[in-house]
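For the sequence shown, counting from 1, position 118 maps to 117 in numbering that gives the first Met the number 0; every step adds exactly one. Heads up: the structure comes next, in C-alpha cells.
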Amino acid sequence: MEQLTNHSQLMVRQQKEWGEIITGFETKNKYAIVDSQGNQLYFAAERKGSWLARQFLKANRPFELAILNNSGHQVMSVVRPFRFLFPEVTVYDENNKVLGVVKKKFSIISKHYCLYDASGKELFTLKGPLLKPWTFNIMQRDREVGKITKKWSGLMKESFSDADNFGVLFPKNADVSIKAFILGVVFLIDFVHFENKGD
C-alpha cells in the first residue's frame with residue numbers, strides 16, 4: 000500500500016457487468032481504485048461468499064474483498080462477518096495484520112460509525128448527516144478531518160444498476176496504514192447504504 004503515501008484523495012469505482020444489470024441477479028462486487036488523475040492504483044474484488052447469500056441476503060451478506068495492486072499482488076483485505084444489525088468490517092494488510100475495525104453505532108437521525116485501531120482504541124468517527132445522505136464526514140474529536148462521498152454516476156447508471164463511485168479525502172498527515180484502513184471502510188459504506196438501490 001506504499002502507493003498511498005503520495006495521495007491525499009482517491010476514487011473508488013464499482014464495476015458492473017451487463018448480465019447483472021439486465022437480469023438483476025447479484026454478482027460478486029468489483030471495484031477500480033484510481034488516483035485524482037484517473038490512474039488505476041488497485042483493483043478490489045469480492046472473493047468469497049455463496050451465490051444464495053448474494054441473492055437473498057443482498058446488502059446484508061458477509062463478504063471478503065481482496066485488494067490487489069496492478070501486478071496482481073494482494074496488498075490488503077476487507078472482511079465482513081454476518082450481522083443483522085450493526086454491521087462491521089475488519090481491514091487487514093497483506094500480512095493479515097489488522098489495520099482497523101469499523102462498527103456501525105445506534106443512531107436515529109444520522110449514520111454513525113466508529114473506527115478503531117487493532118488494539119480497540121477509537122481513531123475516528125464517521126458521521127453521515129441527515130440532509131446529506133451521500134456524504135460521510137471523518138471526524139476526530141468533533142473536528143472534520145476527511146470525507147467519504149458517493150459521487151453521481153449519471154442518470155442511466157443510477158437508474159439501472161447499483162454501481163457506485165466514491166471519493167475519499169484522507170485526513171491530513173495520515174500514514175499509509177490509516178489511509179489503507181479508511182479505504183477499506185468505503186466498501187462497508189457501499190454495501191450498507193448503496194447496494195441494491197438500483198433494483
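Yeah, the Cβ is synthetic: ideal placement off N, Cα and C, and Gly gets one too.
Query: If I measure Cβ to Cβ from K110 and keep anything under 6 Å in the same chain, skipping five residues before and after, which residues do I get?; Result: G127
Query: Over the uninterrupted alpha helix (DSSP H) stretch that includes V184, give me the two end residues.; Result: 175 to 188
Query: Tell me where the beta strand (DSSP E) around R82 begins and ends.; Result: Careful: R82 lies outside any beta strand (DSSP E) and carries neither H nor E.
Query: Nearest by alpha-carbon distance to F42: which of K131, Q36, G71, P61 is it?; Result: G71
Query: Whole angstroms are fine: how far does the CA of S35 sit from the CA of F180?; Result: 19 Å
Query: May I have the straight-line CA-CA distance separating Q39 from K29, to the nearest angstrom?; Result: 13 Å
Query: Do you know offhand how far M0's Cα is from Y91's?; Result: 11 Å
Query: Given a threshold of 16 other Cβ atoms within 10 Å of its Cβ, counted over all protein chains shown, does R79 qualify as buried or as exposed?; Result: buried
Query: Using C-beta distances below 8 Å, list every residue in its chain close to V88, excluding the 5 sequence neighbours before and after it, in chain order.; Result: V77, V78, R79, V100, V101, G183, V184, F186, L187
Query: Short of 7 Å in beta carbon distance, which residues of its chain neighbour K150, apart from the five on each side in sequence? Order them along the chain.; Result: N164, F165, G166
Query: To the nearest angstrom, how far is it from the Cα of I108 to the Cα of K171?; Result: 28 Å
Query: Use the C-beta contact count for D189: other C-beta atoms within 10 angstroms, 16 or more gives buried, fewer gives exposed.; Result: buried
Query: Can you tell me the Cα-Cα spacing of K120 and L114, whole angstroms?; Result: 8 Å
Query: Quick check: what's the CA-CA separation for N69 versus A31?; Result: 10 Å
Query: For L129, which of helix, strand or coil comes out of DSSP?; Result: coil
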